[in-house]
Amino acid sequence: MSNAKEPILTLRGLSKLYPGTVALQDVDLEVERGETHGIIGKNGAGKTTLVGIVAGLVQPSAGSVQINGHDYSRLTRIGARKAGVAIVPQEPQLVQQSTVAENLFLPDYLRRGHGLLVDWQTMHRRANEILRRGRLSLDSRTRAGDLGIGLQQILLMLKAAYVEQAEVIILDEAFASLSEREEALFYELIRERKAAGCTILHISHRIDELLEVCDRMTVLRDGRSIGTVKRADVDKDSLAALIVGEESELRPGAPTRPGAADRLGAASSPAGGPRPADAPVERTPVLELRGLTRAERFSEISFSVAENEVLGLAGLIGSGRSSILRAIFGLEPLDAGEIRLNGKPVRLDRPTVALRHGVVYLPEERDDEGLITTLSVKTNLLLSALRRVSGRVCIDRAREGELARDLAAQLALHFASFDQEVSELSGGNRQKVVVGKVLSTEPQVFLLDEPTKGIDIAAKAGILRIIREGLRTNSAVVVTSPGLDDLIEICDRIVVVHDGRILGSFQAHEFQEERIYKAIQGTMMQPTR
Amino acid sequence: MKRSTRIQMFLIENLIWVLVAAFFLINAAVTPRFASYANVVNILYHSAIMSMLVLGQGLVLINGKLDLSIESTLGFAPGIAMLMAMQQFPEIVGPLTAIAITLIVGGMLGWFNGFCIAKLKINPLLQTLATMIMIRGILLFIFPFSLFPLDPLYRYAGAGRLPGNIPVSIPLILIIFFILNLVLQYTPFGRRFVAAGGNARASHVSGINVDRMTIYAFVLAGVLAAVAGLLAAGRQGSISNSMGEGMVLLSFAGALMGGASLQGGKGTPLGMLGGALLLGMFSNSLNLLGVGPSLIYASKGALIFVALLLDRGRIRWRGYLLHKEQLEALEHRS
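Residue numbers (the numbering used here), protein chains in the order written: chain P, 49 to 577; chain C, 3 to 336.
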């Protein structure tokens with residue numbers, strides 16, 4: 049190969065704009081040959097977009113990619129593969145109906161007879177060799193769909209390593225869904241590849257994981273590169289501080305956030321009175337969970353939310369935070385536990401039932417679960433509130449228009465007309481429509497799963513304000529968010545979920561991004577309660 | 003929104019009626035006798051049967067599925083009813099009961115499709131293909147002949163005339179279209195129905211019983227196919243075992259031209275009426291021009307293709323208009 053000193057991967061001035069959001073802004077990155085380079089940052093920092101560009105899955109809006117000294121102005125997935133870049137994505141992408149061997153060799157099946165016939169025998173033999181090298185006791189004729197997510201992930205890693213023999217392997221949160229044993233296997237593979245001279249780009253949320261395998265780490269924040277640090281120069285705390293950003297530098301070790309406390313006090317109790325977080329006893333719980341358990345997702349989840357309270361569920365992807373909300377709303381089954389509304393036990397096994405009980409859910413997947421994009425803004429806004437706007441038989445058009453205008457004003461929606469299709473709105477405005485939809489039902493419990501996902505700062509601020517000021521009135525709110533700062537801004541209490549269990553909770557006066565950030569990594573500092 | 007933009011948007015939304023009007027005017031100028039009162043009535047009369055299939059197919063398409071079996075239902079439902087009325091139980095089943103049986107059989111076939119698709123999660127294409135072949139086969143088995151003469155009361159919907167020599171079927175289908183249009187646009191049920199077709203998961207999360215909507219769609223399609231069968235039997239004065247064969251493909255044509263899409267969640271009954279009329283006018287005008295039936299069939303295929311192109315054009319035009327609108331709004335703000 050060429051000069052070993054030369055970086056194998058050079059990114060210059062990479063930017064990526066999505067309608068309404070800036071995913072990446074002017075990012076430079078150099079990855080040296082043979083190093084294991086970590087990329088870390090909070091949700092929405094731009095990690096996946098960045099490696100997506102390197103893997104040829106995402107086209108950058110500006111900037112250049114240089115692999116092995118070659119400039120690629122338009123890198124396609126096929127091009128990136130030829131250049132020796134393989135990616136193991138967060139959600140393993142295998143052909144579920146095909147065998148392990150087929151998936152390993154896709155798209156270049158081994159052939160015989162002048163390349164006309166697939167050489168099944170050799171393919172299975174080689175596949176079994178590869179499986180043994182990866183220490184998997186698996187038959188190459190197993191169907192990929194029958195394997196667990198973790199094994200599928202390892203299979204993709206094996207494919208990148210031994211079939212494609214990629215020089216650069218990208219691991220995009222590949223560890224998120226692995227069991228302990230699988231994780232050990234994976235580390236083994238990474239070490240083996242490293243020894244073989246491979247360059248590895250490792251994306252993760254988990255600080256421990258990065259510190260264990262990486263030589264250097266690049267920190268992204270809000271789509272910008274904060275800098276690259278050597279493993280030897282950082283420890284867990286300093287890295288966490290870098291990731292979270294300036295806020296923690298401003299208030300080192302400060303026990304309270306005066307600004308937040310003032311605002312909370314002003315919002316829900318007479319000025320100068322005790323903070324609401326200090327007087328939880330006076331609140332009547334609206335929603336109460338007792339030992340909710342769903343096998344493999346979460347277990348023994350118990351907490352309660354009172355009227356006028358905003359409770360944040362903080363946790364990493366796969367920690368179970370979304371599953372908990374979905375199970376309360378009846379979208380996922382519960383194996384054990386009890387849900388109480390206003391003190392009475394209820395069974396919410398379907399969304400229809402949950403809505404009837406005044407529990408409403410804002411889905412994380414905006415376009416898949418939140419909107420009917422072919423229909424108008426008005427129809428979408430009022431879809432869950434049809435009962436409120438209809439007479440005995442027909443919809444009362446006047447009342448419908450009034451309510452829609454009302455919601456649009458509250459949300460500061462920008463659109464050309466109420467009859468416009470939702471598919472024609474920008475991301476931020478679509479998200480506002482989803483928020484408007486849950487708002488229109490006037491429930492007693494809001495379950496908001498990442499209400500600020502994938503939207504720009506202005507839209508985000510608007511939605512956070514609506515949650516804080518609008519939703520909370522006369523209702524209980526449970527919210528998750530990709531960004532801790534969002535939760536800190538609007539919540540009265542934050543419950544930390546890790547690996548499907550509650551590790552502890554923070555009251556408003558204890559909010560400190562760095563501490564909570566460490567807590568969701570699984571190392572709870574001083575759990576209260 | 004500017005006035006010119008609003009007018010253009012209105013035209014885009016009602017493109018099918020723009021086409022119907024344009025086609026009518028051009029033909030009125032070119033084709034002899036096309037615009038005469040008698041011919042207009044004739045077009046409507048001959049579109050009536052197909053329009054019921056178009057509407058049924060359109061409703062299923064709005065629900066995001068498709069139904070191949072309606073063309074077999076068209077023969078099967080009146081076939082069973084008349085078999086009972088004329089051969090099995092002539093004393094019990096009178097003509098009105100026979101009409102009821104026709105509609106019920108259509109609805110039950112639709113329910114069977116809908117149930118299998120919604121609850122057993124069978125692919126709609128395959129499910130309705132199976133039903134289509136199955137009931138056509140049964141029809142051929144129990145009905146190796148043509149059945150006539152039919153009771154005049156049973157024939158009334160298809161062959162009866164109102165004062166002014168207007169066929170009963172014309173006001174009948176207009177009323178059906180009108181009612182379903184109202185239901186879909188102005189009732190909560192209609193909103194839920196369309197939403198469930200546009201995005202089933204989001205509708206489920208929004209508290210809509212999506213499975214039930216699917217079953218309703220197929221039941222409606224089955225009943226409408228039975229109505230079409232009633233009209234066809236009435237017009238012919240007999241029931242043959244090949245009734246309806248080959249009609250399902252054109253029902254797609256009418257529904258797609260009327261604004262439906264294979265992705266679901268799109269289209270209105272009034273649009274479907276436009277689609278059905280355009281199909282009817284098209285073959286009528288070619289007929290008057292002396293074009294043979296095979297070429298008319300081919301031309302209908304071409305018409306579908308043009309409709310699909312127009313649909314793409316419509317989406318682009320809309321996107322362009324809205325984009326322009328937003329740019330102007332931005333300029334105003336700054």
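All C-beta atoms, glycine included, are put in the ideal place defined by N, C-alpha and C.
With a cut-off of 8 Å, do at least 3 Cβ pairs link the segment 180–200 of chain C to the segment 110–129 of chain C? The answer is no - the segment 110–129 of chain C does not touch the segment 180–200 of chain C, with fewer than three Cβ pairs under 8 Å.
Quick test of the definition: if touching needs 3 or more C-beta pairs under 8 Å, does the segment 83–94 of chain C touch the segment 146–155 of chain C? By the criterion of at least three beta-carbon pairs nearer than 8 Å, the segment 83–94 of chain C is in contact with the segment 146–155 of chain C.
Using a C-beta cutoff of 7 Å, does C:V207 count as contacting chain P? So, interface residue.
Is it buried or exposed, C:T130, if we count other Cβ atoms within 10 angstroms and call 16 or more buried? By the neighbour-count rule (16 or more Cβ atoms within 10 Å), C:T130 is buried.
Just confirm the distance between the C-beta atoms of P:L59 and P:V136, as a whole number of angstroms; I'd bet it's less than 8 Å. Not confirmed; about 20 Å, so no contact.
Here's a check: name, in chain order, each residue in its chain whose Cβ is nearer than 7 Å to the Cβ of C:A159, leaving out the five neighbours to either side. For C:A159, where only same-chain residues beyond five positions count, the Cβ hits under 7 Å are V170, S171, L174, L232, L233, G236.
Just confirm the distance between the C-beta atoms of C:G116 and C:F220, as a whole number of angstroms; I'd bet it's less than 8 Å. That belief holds up - the Cβ atoms of C:G116 and C:F220 are roughly 3 Å apart, short of 8 Å.
Can C:A230 and C:I51 be called in contact, C-beta distance under 7 Å? Their beta carbons are under 7 Å apart, which means C:A230 touches C:I51 by this criterion.
Mapping the DSSP letters down to three states, classify P:F346 as helix, strand or coil. DSSP places P:F346 in strand when its eight states are reduced to three.
At a Cβ threshold of 7 Å, is C:R203 touching chain P? At a cut-off of 7 Å, the C-beta of C:R203 has a neighbouring C-beta in chain P.
Determine, using beta carbons only, whether P:L539 comes closer than 7 Å to chain C. Rather than Leu, the amino acid found at residue 539 of chain P in this sequence is Cys. No, P:C539 does not count as interfacial toward chain C.
Does DSSP classify P:H118 as helix, strand or coil? Looking at P:H118 - three-state DSSP - the assignment turns out to be strand.
Should P:T266 be labelled buried (16 or more other beta-carbon atoms within 10 Å of its own) or exposed? Answer is buried; the Cβ neighbour count reaches 16.
Enclosing alpha helix (DSSP H) for P:Y235 [first to last residue]: Residues 228–243.
What's the gap between the Cα of P:Q492 and the Cα of P:L429? Straight through space, the alpha carbons of P:L429 and P:Q492 are spaced by roughly 18 Å.
Among P:S146, P:I101, P:A110, P:T147, whose alpha-carbon lies nearest the alpha-carbon of P:I126? From the listed residues P:S146, P:I101, P:A110, P:T147, the smallest Cα separation to P:I126 is found for P:I101.
Please identify, using Cβ separations under 9 Å, the residues of the segment 416–438 of chain P that lie next to chain C, in order along the chain. Taking 9 Å as the cut-off between beta carbons, the residues of the segment 416–438 of chain P near chain C are D416, E417, G418, L419, I420, T421, T422, L423, T427, N428, L430, L431, S432, L434, R435, V437, S438, in sequence order.
Relative to the C-alpha of C:F36, which residue among C:S287, C:R318, C:H334, C:S148 is closest? Nearest Cα to C:F36 within the set C:S287, C:R318, C:H334, C:S148: C:S287.
Considering only residues of the same chain and omitting the five flanking positions on each side of C:S148, which have a CB-CB separation below 6 Å? Result list for C:S148: S240, S242, in chain order.
Contact set between C:L252 and chain P, taken where Cβ atoms lie within less than 9 Å: Ordered by position in chain P, no residue passes the 9 Å Cβ test against C:L252, which lies about 24 Å from the chain.
Residues that P:A354 bridges to, as DSSP identifies them: As DSSP reads the structure, P:A354 sits in a beta bridge with P:P333.
Cβ distance (whole Å) where P:E498 is taken to contact P:P530 below 8 Å: With a Cβ gap of about 6 Å, P:E498 and P:P530 count as contacting.
Counting only beta-carbon separations shorter than 7 Å, does C:Y218 have a partner in chain P? Judged by the 7 Å Cβ criterion, C:Y218 is not in contact with chain P.
Taking the alpha helix (DSSP H) that C:V22 belongs to, which residues open and close that run? For C:V22, the uninterrupted alpha helix (DSSP H) segment begins and ends at 17–32.
For C:R8, three-class secondary structure by DSSP: Correct three-state label for C:R8: helix.
For the segment 143–160 of chain P against the segment 82–96 of chain P, do three or more pairs of beta-carbon atoms, one drawn from each stretch, fall closer than 8 Å, so that the two count as touching? With a cut-off of 8 Å, the segment 82–96 of chain P and the segment 143–160 of chain P do not count as touching, because too few Cβ pairs lie within range.
Contact set between C:V62 and chain P, taken where Cβ atoms lie within less than 7 Å: Here the premise fails: no neighbours, minimum Cβ distance about 16 Å.
Using 8 Å as the cut-off, can you tell me whether the segment 408–419 of chain P makes contact with the segment 180–196 of chain C, which would need three or more C-beta pairs spanning the two stretches below that distance? They do not touch, by the three-pair rule.
For the segment 435–459 of chain P, which residues have a beta carbon sitting closer than 8 Å to at least one beta carbon of chain C? Within the segment 435–459 of chain P, contact with chain C at the beta-carbon level (separation under 8 Å) is assigned to R435, S438, V441, C442, I443, R445.
At the 7 Å Cβ level, is P:P399 part of the contact set with chain C, yes or no? At least one C-beta of chain C is nearer than 7 Å to the C-beta of P:P399.
C:A120 at chain P interface by Cβ criterion, 7 Å: Using a CB distance cut-off of 7 Å, C:A120 does not count as an interface residue toward chain P.
Express the C-alpha separation of P:Q201 and P:S371 in angstroms, rounding to a whole number. Rounded to the nearest angstrom, the two C-alpha atoms are 21 Å apart.
Identify the contact partners of C:A257 in chain P, using a Cβ-Cβ distance below 9 Å as the criterion. Within 9 Å Cβ-Cβ: nothing; C:A257 doesn't reach chain P, min ~15 Å.
How big is the Cα-Cα spacing for C:E15 and C:G109? In a straight line, the C-alpha of C:E15 is about 31 Å away from that of C:G109.
Assuming contact is defined by CB atoms lying nearer than 7 Å, are C:A278 and C:S74 in contact in what I supplied? No, these two residues do not count as a Cβ contact at 7 Å.
Determine, using beta carbons only, whether P:P140 comes closer than 7 Å to chain C. Interface criterion not met: the Cβ of P:P140 is under 7 Å from no Cβ in chain C.
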